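In our numbering, the protein residues as written are 5 to 150. Worksheet for the structure shown next.
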């Protein structure tokens with residue numbers, strides 16, 4: 005499996021935003037006009053409207069949803085580098101996403117050898133075979149000797 009074929013789809017935030025907006029639109033159309041009239045007259049309607057408005061914190065929450073790795077821990081690891089003085093949120097997110105994609109590609113490459121051996125669990129030897137077979141992973145050669 006070539007590394008270039010690993011990510012055929014473009015990973016953008018716009019697709020996720022469109023899906024969220026479509027889900028919100030679908031939920032609002034499911035409500036009947038009678039239900040909407042009751043909500044507008046109730047005191048809880050004012051609270052719902054204030055909660056429904058977008059706050060500046062939501063883009064950061066959206067970025068957190070896009071990444072599976074803990075952002076705070078990655079920031080702490082980045083701060084261990086003495087050359088790094090300040091790490092912006094965008095930089096930490098970019099590093100986290102890059103690490104996530106790297107792990108995904110390594111796992112896919114390793115799984116090809118697991119599947120060839122007709123096994124279900126990726127083992128250390130599968131990862132070693134993937135590292136030795138893929139040129140872009142050659143920098144990891146010898147890193148798993150422990």
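The beta carbon of each residue, even a glycine, is placed where N, CA and C say it ideally should be. These numbers come from a predicted model, not from an experiment.
Could you tell me which whole beta strand (DSSP E) segments of length 3 or greater appear in the region 68-140?
none
Contact between the region 113-123 and the region 132-148: three or more CB pairs below 8 Å?
yes
Look at the Cβ atom of residue 105, then the Cβ atom of residue 141, and state whether they are nearer than 8 Å.
Position 101 of the chain shown, counting from 1, holds the residue named residue 105. Position 137 of the chain shown, counting from 1, holds the residue named residue 141. No, the Cβ-Cβ distance between residue 105 and residue 141 is not below 8 Å.
By the 10 Å Cβ neighbour count, where 16 or more other Cβ atoms means buried, how is residue 1 classified, buried or exposed?
Since the first residue shown for the chain is 5 and the last is 150, residue 1 is missing from the structure and cannot be characterised.
With DSSP collapsed to three states, give me the class of residue 143.
Here residue 143 corresponds to residue number 139 of the chain shown, with the count starting at 1. Helix, per DSSP.
For residue 150, which three-state DSSP category applies?
For this step, residue 150 is matched to residue 146 along the chain shown. Coil.
Skipping 5 residues on each side, what residues in its chain have a beta carbon closer than 7 Å to that of residue 144?
For the purposes of this step, residue 144 is identified with residue 140 of the chain shown, where counting begins at 1. So the qualifying residues of the chain are 135.
Just to confirm my understanding: we take residue 46, look at its own chain, exclude 5 residues before and 5 after, and list those with CB closer than 8 Å. What are they?
Position 42 of the chain shown, counting from 1, holds the residue named residue 46. With a pLDDT of 49 at residue 46, under the threshold of 50, the modelled position of that residue is not reliable, and no figure is offered here.
Tell whether a beta-carbon distance below 8 Å holds between residue 82 and residue 73.
Taking the chain shown and counting its residues from 1, the one referred to as residue 82 is at position 78. Taking the chain shown and counting its residues from 1, the one referred to as residue 73 is at position 69. The answer is no: Cβ separation not under 8 Å.
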